[in-house]
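In this note's numbering, the protein residues as written are 41 to 194.
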């Protein structure tokens, strides 16, 4: 990978996990001078399209100095060619993204870049309490750091 890599994070509704991962990678890329990384997020479902990220996720990020912005959108088949790397929150989402067709993007799990949780699913904090959002923030933070390290080394 190079600094000119494009990454799309995908979760179920694009209001919790994927916008958090997008914000974290953008935060770390900016802090380390990797402005050439194009980062976006989407959901496999479109029922939240146009909505802001979940307020609990936004608050968790804000407490840690990370800004989560944007509005939810549904992934499209065109995204499979528009991005170099598509990172999915869990194996069910990964299967749904792959079912959209063939494209040039590598499709992997978000936690494949985590030092200890590669191959694992990011739990969905939507129906849980505040601790779930903190946990998701922490594991996505580590995974995004790992991804950025790989981008820097390539």
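From the three backbone atoms N, C-alpha and C, an ideal C-beta is built for every residue, glycine too.
Quick one: what's residue i bridged to in DSSP?
i, result
"residue 159", "According to DSSP, residue 159 bridges with nothing at all."
"residue 47", "79, 125"
Between residue i and residue j, what straight-line distance do the alpha-carbon atoms span, to the nearest angstrom?
i, j, result
"residue 143", "residue 48", "13 angstroms"
"residue 42", "residue 104", "For residue 42, the predicted structure reports a pLDDT of 47, less than 50, and the residue's modelled location is therefore unreliable. The matter cannot be settled from this model."
"residue 178", "residue 137", "25 angstroms"
"residue 156", "residue 113", "30 angstroms"
"residue 53", "residue 88", "6 angstroms"
"residue 64", "residue 100", "12 angstroms"
"residue 55", "residue 111", "8 angstroms"
"residue 124", "residue 163", "24 angstroms"
"residue 82", "residue 151", "17 angstroms"
"residue 73", "residue 160", "29 angstroms"
"residue 181", "residue 71", "13 angstroms"
"residue 58", "residue 46", "15 angstroms"
"residue 107", "residue 67", "8 angstroms"
"residue 79", "residue 139", "22 angstroms"
"residue 132", "residue 50", "11 angstroms"
"residue 135", "residue 102", "32 angstroms"
"residue 69", "residue 60", "14 angstroms"
"residue 176", "residue 85", "20 angstroms"
"residue 90", "residue 166", "18 angstroms"
Taking 9 angstroms as the CB-CB limit, is residue i close to chain D?
i, result
"residue 84", "In the structure shown, chain D cannot be found, because there is only a single protein chain."
> Which ranges would you report for the beta strand (DSSP E) in the segment 57-119 if only whole runs of at least 3 residues count?
Replying inline: 78-83
>> For the segment 124-142 against the segment 88-107, do three or more pairs of beta-carbon atoms, one drawn from each stretch, fall closer than 8 angstroms, so that the two count as touching?
In response: no
> Hey, is the segment 112-122 in contact with the segment 171-181, meaning 3+ C-beta pairs nearer than 8 angstroms?
Replying inline: no
> For the segment 118-194, which segments carrying the beta strand (DSSP E) assignment without a break, of at least 3 residues, lie completely within its bounds, in sequence order?
Replying inline: Entirely contained in the segment 118-194, the beta strand (DSSP E) runs reaching 3 residues are, in chain order, 125-128, 146-149.
> Do the segment 175-190 and the segment 79-94 make contact, defined as three or more Cβ pairs closer than 8 angstroms?
Replying inline: Segments in contact, no.
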